[in-house]
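Student: I have a structure here, written as structure tokens, and I will follow up with some questions on it.
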Amino acid sequence: MSNKNIRVRFAPSPTGPLHIGGVRTALYNFLFARKNGGKFILRIEDTDQTRFVPGAEDYIIEAFKWCGIEFDEGVTKGGDFGPYTQSERKAVYKQYADELITSGNAYYAFDTAEQLSEKRAAFEAEKKTFTYNAAERLNMGNSLSLPKEEVERLLESGTPYVIRFKMPENEQVVMNDLIRGKVEVNTSVLDDKILFKSDGMPTYHLANIIDDHLMEISHVIRGEEWLPSLPLHVLLYRALGWQEPEFAHLPLLLKPDGHGKLSKRDGDRLGFPVFPLQWKDPKTGELSSGYREEGYFPEAFVNMLALLGWNPGDERELFDMEALIEAFSIERVNKSGARFDAEKAKWFNHQYLIKKSNIELAEAFMPILKEHHVLADKEFVTQVIALVKERATFVKDLWDQSFFFFVRPEEYDTKAVKKRWKAASYQQMTELKELLLNTEPFTASHTEEVVKKWIEENEYGMGMVMNAFRLLIVGALKGPHLFDIIALLGQEETVERISNGLLTLGKKE
RNA sequence: GGUCCGUUCGUCUAGUCAGGUCAGGACGCCAGGUUUUCAUCCUGGUAACACGGGUUCGAAUCCCGUACGGACUACCA
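By this note's numbering, the letter at position 350 of the first sequence is numbered 345, and the numbering carries on one by one without gaps.
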């Protein structure tokens, strides 16, 4: 399907790292755009200058790059609808705010923050809810309640003011949400939201609808936390005489423990990352872990995230980006919030790890080997990977599963020794050493054949011999098929390990 | 408090729009099997329609109510 008129956007504010809920929102936007042959835009919403965090924007861009979520337009990418950073569009917003005032849909308000909070406190004391709208606006200090001359005087004298939306009185607003269907609300419970702040910047509400309109956004796909302000946004489109886009409000990602939506503050408290990439708070220096640094593959991360709140309707679970694009539809997004399961995330990573080629994994494993001061040939590492990859969830797990291929055991697992190093072991292993010394070729299948035959002929007992043998080679009772291990280690190393073991463990009386 | 949104196994979910298979799958967990060990793997099992009414021959599904959960309620986004 191709539809040039489909345009969606992801519009984060650069106040810190993006958490996985934000990544999912972006992902759904991206999938929707690709699926429908539309465009995906990245816009930075930095209208709150006090909350700017250095590095946040770069973080966001890098995170999407890692995930494989690509933008068609936006910051760093350019396009015909720029600039894509709201602070650079400052001049645009004022003119529409003025237009709303002229058309009678907005007004100037001079109330100070103190006056406002006093008013709220007074209402609360009487157990009433203060709503700055038709019910109370005439009791406040604004261009609707004050005489015209007074308003002009205040404006000219440079008194700080904001511009508020004049919420219609007692009007039923009917809206449609692609995920939830019809949503209705009466304007009497809505307030005259501030559209333009006294610092000369628009608020989110004004800026986002102006930009969405100017950038010709066709579908606004965002988090459910925006649903309560949907009526305001719809009314703004109507006041400006603009065609409103379609809306879809995504269910929230919930904290796996307790309650509430997942937030940036959850950091590492839950035992898993909430951020795609590691983040270092520039102020406190505090470090929060990221999926990338934890060892997740971006494909696994994206796959896991995509299935949190959406499903294809059949029983498939493994999707690469291309398959996600093919299968995605906004109609199949769930309504209810999803708690995310760290165990399932690991399972996804395991699935992607075993799908990767041995060579690819070997390359990823080489730096880890280096950290352990192991110098190994890539060809050898690749063969090792083939034997152990099914046991690993992360590339870093490979070390625990394969270290004995690279370093000789220096000590032997105490429990295993107790259980498997018996009176006859010393003699049997000594014989085995001689046997292997004279076995050619030293392949897995041939050594296996020879050793098994020797065990049978001497009636030594398979479990008895093999466990002791494994103990000497690995240092513990674990690991892949023993004959595969010794074939990779080679005859010389195998024999030496047996000799060392005999020396260390000695005879047991 | 007010407004809005939501509610199927412990978790993610299918099934709900067009009422009618022992409510299906996956993760986890448990058991068994395979194996020289551990892990993997295979097989099996565990476990849910929030509650109460109504409509109907029949309700997870439609309607009403209740409860619970969540979001929002800033000159933040």
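Every residue gets a Cβ at the ideal spot worked out from N, C-alpha and C, and that includes glycine.
Inspect the CB distances between the segment 183 to 199 and the segment 150 to 164 and report whether three or more fall short of 8 Å.
Tutor: yes
Student: Return the CA-CA distance between lysine 114 and phenylalanine 125, expressed in angstroms with no decimal places.
Tutor: In the first sequence, counting from the first residue as 1, residue 114 sits at position 119. In the first sequence, counting from the first residue as 1, residue 125 sits at position 130. If I take the Cα positions, the gap works out to 7 Å.
Student: Suppose you measure from the CA of leucine 92 to the CA of arginine 84; what does that come to, to the nearest Å?
Tutor: Numbered from its first residue, the first sequence carries residue 92 at position 97. Numbered from its first residue, the first sequence carries residue 84 at position 89. According to the sequence displayed, residue 92 carries alanine and not leucine. If I take the Cα positions, the gap works out to 13 Å.
Student: Hey, out of Ala28, Leu37, Glu121 and Tyr291, whose CA is closest to aspartate 206's CA?
Tutor: Locating residue 206 in the first sequence gives position 211, where the first residue counts as 1. With distances taken between Cα atoms, aspartate 206 lies closest to Leu37.
Student: Using 8 Å as the cut-off, can you tell me whether the segment 369 to 378 makes contact with the segment 429 to 449, which would need three or more C-beta pairs spanning the two stretches below that distance?
Tutor: no
Student: For serine -3, is the classification buried or exposed, using 16 other Cβ atoms within 10 angstroms of its Cβ as the cut-off for buried?
Tutor: The residue you call residue -3 lines up with position 2 of the first sequence. Bear in mind that a pLDDT of 47 at serine -3, under 50, signals an unreliable position, so the number given afterwards is only what the model happens to contain. Classification for serine -3: exposed.
Student: Using 8 Å as the threshold, is the C-beta distance between leucine 22 and alanine 295 below it?
Tutor: Along the first sequence, one-based indexing puts residue 22 at 27. Along the first sequence, one-based indexing puts residue 295 at 300. Cβ distance not < 8 Å, so leucine 22 and alanine 295 don't count as in contact.
Student: For the alpha helix (DSSP H) containing arginine 492, list its first residue and its last residue.
Tutor: Working through the first sequence from its first residue, we reach residue 492 at position 497. Per DSSP, arginine 492 belongs to the alpha helix (DSSP H) from 486 to 500.
Student: Should aspartate 309 be labelled buried (16 or more other beta-carbon atoms within 10 Å of its own) or exposed?
Tutor: Residue 309 sits at position 314 when you count from the first residue of the first sequence. With fewer than 16 other Cβ atoms within 10 Å, it is exposed.
Student: Mind checking which residues open and close the beta strand (DSSP E) that includes leucine 37?
Tutor: Walking along the first sequence from the start, residue 37 turns up at place 42. Residues 34 to 37.
Student: Once DSSP output is grouped into helix, strand and coil, what is the label at glutamate 281?
Tutor: Against the first sequence, residue 281 aligns to sequence position 286. Note: glutamate 281 maps to coil in three-state DSSP.
Student: Quick one: grab the DSSP three-state call for tyrosine 103.
Tutor: As a first step, residue 103 must be located in the first sequence, where it is residue number 108. Strand.
Student: From phenylalanine 242 to leucine 231, what distance separates their C-alpha atoms?
Tutor: Position 247 of the first sequence, counted from the first residue, corresponds to residue 242. Position 236 of the first sequence, counted from the first residue, corresponds to residue 231. Rounded to the nearest angstrom, the two C-alpha atoms are 14 Å apart.
Student: Answer yes if the segment 164 to 171 comes into contact with the segment 200 to 218, meaning at least three C-beta pairs across the two stretches below 8 Å, and no otherwise.
Tutor: no
Student: Going by alpha carbons, who is nearest to tryptophan 422 out of Val412, Val460, Ala340 and Asn171?
Tutor: Residue numbering aside, residue 422 sits at position 427 when the first sequence is read from its first letter. Note on residue identity: the sequence assigns glutamine, not tryptophan, to residue 422. Nearest of Val412, Val460, Ala340 and Asn171 to glutamine 422, Cα basis: Val460.
Student: So, at 6 Å on beta carbons, what are the nonlocal neighbours of phenylalanine 343 in its own chain, with the 5 sequence-adjacent residues on each side left out?
Tutor: Working through the first sequence from its first residue, we reach residue 343 at position 348. Hits under 6 Å: Ala295, Asn298 and Met299.
Student: Buried or exposed: where does aspartate 53 fall if 16 or more other Cβ atoms within 10 Å of its Cβ makes it buried?
Tutor: Numbered from its first residue, the first sequence carries residue 53 at position 58. Answer is exposed; the Cβ neighbour count stays below 16.
Student: Only counting the same chain, and skipping five residues up and downstream in sequence, which positions put a Cβ closer than 8 Å to that of tryptophan 274?
Tutor: Residue numbering aside, residue 274 sits at position 279 when the first sequence is read from its first letter. Gly11, Pro12, Tyr54, Leu282, Ser283 and Gly285, listed in sequence order.
Student: Within a Cβ cutoff of 6 Å, which residues of the same chain sit near proline 404, ignoring the five residues on either side of it in sequence?
Tutor: Here residue 404 is taken as the residue at index 409 of the first sequence, counted from 1. Once the five neighbours on either side are set aside, the close Cβ partners of proline 404 are Gly470.
Student: Would you say leucine 95 and alanine 86 are within 8 Å of each other, going by their C-beta atoms?
Tutor: Within the first sequence, the letter at position 100 stands for residue 95. Within the first sequence, the letter at position 91 stands for residue 86. No, the pair does not count as a contact, with Cβ atoms beyond the cut-off.
Student: Counting C-beta neighbours from all protein chains within 10 Å, is the total for asparagine 556 16 or more, i.e. buried, or is it exposed?
Tutor: Residue numbering for the chain in the displayed model covers -4 to 504; residue 556 lies beyond these limits and cannot be assessed.
Student: Nearest to proline 223 by alpha carbon, out of Ala108, Leu235, Ala318 and Thr182?
Tutor: Numbered from 1 along the first sequence, position 228 holds the residue referred to as residue 223. The shortest Cα separation from proline 223 among Ala108, Leu235, Ala318 and Thr182 belongs to Thr182.
Student: Please state the DSSP three-state secondary structure of aspartate 172.
Tutor: Stepping through the first sequence from its first residue, residue 172 is reached at position 177. It is a strand residue.
Student: Would you mind reading off the limits of the alpha helix (DSSP H) that contains glycine 458?
Tutor: Along the first sequence, read from residue 1 onward, the residue named residue 458 stands at position 463. First-last of the alpha helix (DSSP H) with glycine 458: 457 to 469.
Student: Quickly, what does DSSP pair arginine 4 with across the bridge? List them, please.
Tutor: Here residue 4 refers to the residue found at position 9 of the first sequence. Ile36, per the DSSP bridge assignment.
Student: Just verifying my parser: in three-state terms, what is the DSSP assignment at asparagine 181?
Tutor: Residue numbering aside, residue 181 sits at position 186 when the first sequence is read from its first letter. Correct three-state label for asparagine 181: strand.
Student: Counting along the chain, where does the alpha helix (DSSP H) carrying leucine 190 start and finish?
Tutor: To locate residue 190, count along the first sequence from 1; it is residue 195. Note, leucine 190: premise wrong, no alpha helix (DSSP H); beta strand (DSSP E) at 189 to 191.
Student: Per DSSP, what kind of secondary structure is leucine 249 in: helix, strand or coil?
Tutor: Within the first sequence, numbered from 1, the residue matching residue 249 stands at position 254. When DSSP states are grouped into helix, strand and coil, leucine 249 belongs to the strand group.
Student: Using DSSP's beta-bridge definition, name the partner residues of proline 506.
Tutor: With the chain covering -4 to 504 only, the question about residue 506 has no answer from this structure.
Student: Take leucine 313 as the anchor and find which of Ala340, Ser331, Asp336 and Ile325 has the nearest alpha-carbon.
Tutor: On the first sequence, residue 313 is found 318 positions in, with the first residue counted as 1. When each option's Cα is compared against that of leucine 313, the closest is Ala340.
Student: Work out the CA separation of glycine 218 and aspartate 172 for me, nearest whole Å.
Tutor: Sequence index remark: in the first sequence, residue 172 carries index 177 (1-based). Sequence index remark: in the first sequence, residue 218 carries index 223 (1-based). Each residue's alpha carbon lies about 12 Å from the other.
Student: Of the choices His14, Pro7 and Lys34, whose alpha-carbon is the least far from that of isoleucine 1?
Tutor: The residue labelled residue 1 in the question sits at position 6 within the first sequence. Looking at the Cα atoms, Lys34 is the closest of the given residues.
Student: Shortest alpha-carbon distance to lysine 192 belongs to which of Thr45, Thr442 and Asp263?
Tutor: Start at 1 with the first residue of the first sequence, and residue 192 comes out as number 197. Across the set Thr45, Thr442 and Asp263, the C-alpha of Thr45 shows the shortest separation from the C-alpha of lysine 192.
Student: Using 8 Å for Cβ pairs, my map puts leucine 265 next to proline 251. What's the rounded Cβ distance?
Tutor: What you label residue 265 is simply residue 270 of the first sequence in a count that begins at 1. What you label residue 251 is simply residue 256 of the first sequence in a count that begins at 1. That belief holds up - the Cβ atoms of leucine 265 and proline 251 are roughly 6 Å apart, short of 8 Å.
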